[in-house]
Amino acid sequence: MIGDNKYARTYYRLMDKRQREVLEIGEKHHILPKCAGGTNDASNLVMLTTREHFIAHLLLTKMAEDTNEKVRFHWAFHRMAFSGGG
């Protein structure tokens with residue numbers, strides 16, 4: 000389960016900003032990650048700058064409360080950061 004903490008609040012502020020201020024180019028990001036039940040629906044996708052994408056995945060690793068979710072979010076962060084995948 001994704002916690003309600005300062006990291007989650009920062010994450011959702013960033014997601015809200017990017018839903019309001021849409022980027023034409025950038026990196027596609029799932030607001031609710033697919034590994035946490037998110038879909039590919041347009042309402043669950045935002046475009047982020049490379050920096051914002053890195054920060055978003057880092058925040059997700061700090062938002063997770065459940066051990067399995069922490070592992071999934073850390074794996075997604077590692078893939079994005081070190082293999083160029085998103």
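The sequence shown maps to residues 0 to 85 in numbering that gives the first Met the number 0.
Positions of the beta carbon are idealized from the N, C-alpha and C atoms, including for glycine.
Since this is a predicted model, take the numbers as computed values, not measurements.
Through-space distance from residue j to residue i, alpha-carbon basis
i	j	result
residue 25	residue 18	13 angstroms
residue 23	residue 37	22 angstroms
residue 1	residue 29	14 angstroms
residue 81	residue 32	18 angstroms
residue 5	residue 35	19 angstroms
residue 39	residue 27	10 angstroms
DSSP three-state assignment for residue i, whether helix, strand or coil
i	result
residue 54	helix
residue 13	helix
Buried or exposed by the 16-neighbour rule on C-beta atoms within 10 Å, applied to residue i
i	result
residue 55	buried
residue 20	exposed
Beta-carbon proximity of residue i to residue j, cut-off 8 angstroms
i	j	result
residue 75	residue 69	no
beta-carbon residue i near the ligand NAP non-hydrogen atom, thresh 7 angstroms
i	result
residue 1	As far as ligands go, the structure on display features none, and thus does not contain the ligand NAP.
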